[in-house]
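Numbering (numbering that gives the first Met the number 0), first residue to last: 0 to 325. Note that CB positions come from ideal geometry on N, CA and C, so glycine has one too. These numbers were taken from a predicted model, which means no experiment stands behind them.
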Amino acid sequence: MRNWLSRLTAPLCAAMALLAGPAAAQQDYPNRPVKIIVGHPPGGVPDLVARAYARRLGELLGQSFLVENRPGAAGTTATAQVARMPADGYTLMAGETGQLFVAPYLYRNLGYDTLRDFTPISMVATGGVLLVVNATSPIRNLQDLIREAKANPGKLDYGSSGVGSIHHISMATFFDEAGIELMHVPYKGSGQSITAVLAGEVPVLATSVATAGPHIAAGKLVPLGVTTSYRASGLPNVPSIGETFKDYDFASETGFLAPAGLPAPVLDKLAQAIRQASESPEIFDYFRVRGIDIRYTTPAQYAANMRASLKRYERAVRVSKIPKAD
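Encoded structure:
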């Protein structure tokens with residue numbers, strides 16, 4: 000009788016164990032190291048954000064969060080890889096504006112869909128693009144720049160970190176709004192472009208607050224404006240371009256995402272831990288001195304932001320007249 004009952008109940012117990020397994024694993028999360036993929040080289044804003052949060056999340060959740068840099072194709076190679084990974088919470092991505100919102104309009108065969116292939120967890124940091132000039136330039140504010148560009152259409156150069164970068168696209172949209180024309184000189188990254196403006200190769204540059212900050216403090220660069228609707232916390236006296244042109248707002252945003260289908264208990268646990276980390280004084284201070292603003296959102300808020308950003312950048316890429324690549 001006992002053997003007969005065992006044979007009858009064994010399959011049922013096994014089935015219940017299979018059903019309970021994933022739920023138990025989710026409750027237990029994380030029980031092994033978590034990987035955060037960054038599609039850019041070390042030292043950039045996504046990398047800084049990922050590493051700062053990795054330390055704090057490790058403390059809050061009692062497990063290692065390891066940052067792995069996989070640079071290539073402006074972050075799109077790593078993004079496509081993450082989209083195909085298991086949605087178990089052990090692979091996350093520190094995603095930024097270019098790879099999530101600009102790339103879909105630049106490439107025909109991107110390998111991922113920003114809205115379909117990812118679970119948004121939280122946007123955590125924003126930073127405006129900063130428009131600066133070499134300190135030897137007579138241009139001292141946005142009005143000077145607009146006046147000079149209108150007097151000499153197409154003769155004033157400006158540098159950026161590359162074609163299709165947030166620096167390029169935000170500037171092209173600003174120039175379109177202002178009715179001016181500047182010649183674009185693309186460089187390979189922020190390191191090259193900041194060197195170029197300091198050397199006087201280009202008089203005007205679009206770059207990040209973090210990159211330009213030390214040179215502004217040293218008196219070598221003069222800030223003209225920031226590409227957001229609000230002023231940068233580290234440069235409260237520098238106007239935002241949004242103060243002059245309504246609805247103009249181009250912030251470089253960084254957030255955490257996972258592959259699509261992340262289980263709700265894991266999503267909730269991660270979102271709560273990221274919120275706690277965002278409220279940490281050490282996180283706030285770390286970003287403040289680097290010109291990066293904390294902008295924590297819930298998963299639902301981040302999803303709404305992603306939809307709105309895709310619409311905004313569709314027009315911005317069109318204005319920038321960048322041909323699509325394969």
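Of the candidates Leu60, Ala77, Gly61 and Gln98, Gln98 places its Cα closest to the Cα of leucine 309.
Phenylalanine 283 sits exposed, since fewer than 16 C-beta atoms from the chains shown fall within 10 Å of its C-beta. The C-alpha of glycine 110 lies about 9 Å from the C-alpha of glutamine 80. A Cβ-Cβ separation of about 6 Å places proline 103 in contact with threonine 113 under the 8 Å criterion. Across the set Lys154, Arg230, Asn68 and Leu91, the C-alpha of Arg230 shows the shortest separation from the C-alpha of tyrosine 247. Taking a cut-off of 8 Å for Cβ pairs, the segment 150-157 and the segment 225-241 do not touch, as fewer than three such pairs fall below it. Between glycine 126 and valine 44, the beta carbon gap of about 6 Å places them in contact (Cβ cut-off 8 Å). Distances from the CA of leucine 220 to each of Arg31, Gly190, Val132 and Gly61 were compared; the closest alpha carbon is that of Val132. Per DSSP, the unbroken beta strand (DSSP E) holding isoleucine 35 starts and ends at 33-37. Checking the DSSP bridge columns, you'll see leucine 129 partnered with Thr206 and Val225. With contact defined as three or more Cβ pairs closer than 8 Å, the segment 55-66 and the segment 136-149 are not in contact. Check the Cα spacing between serine 159 and each of Leu130, Ile179, Glu176 and Arg139: the tightest is with Leu130.
Taking 8 Å as the cut-off, the Cβ atoms of isoleucine 273 and isoleucine 120 count as close. In the same chain as glutamate 176, and ignoring 5 residues on each side of it, the C-beta atoms closer than 7 Å to its own belong to Phe244 and Tyr247, in chain order. Counting of Cβ neighbours within 10 angstroms places valine 288 among the exposed residues, the total staying below 16.
Around alanine 315, the same chain offers Ile168 and Thr172 as residues with beta carbons nearer than 6 Å, after the five sequence neighbours per side are excluded. For asparagine 68, the enclosing beta strand (DSSP E) begins and ends at 64-68.
Spatial neighbours of threonine 78 in its own chain (CB-CB distance under 6 Å, excluding positions within 5 residues in sequence) are listed in chain order as Gly38, Gln98 and Tyr111. Scanning the segment 138-201 from its first residue to its last, the whole alpha helix (DSSP H) runs of 4-plus residues come out as 141-150, 165-177 and 189-198. Across the structure, arginine 54 and isoleucine 35 are spaced so that their CA atoms are roughly 11 Å apart. Around the CB of glutamate 313, fewer than 16 other CB atoms lie within 10 Å, so the residue is classed as exposed.
The three-state secondary structure of glutamate 313, taken from DSSP, is helix.
As DSSP reads the structure, leucine 220 sits in a beta bridge with Asn133.
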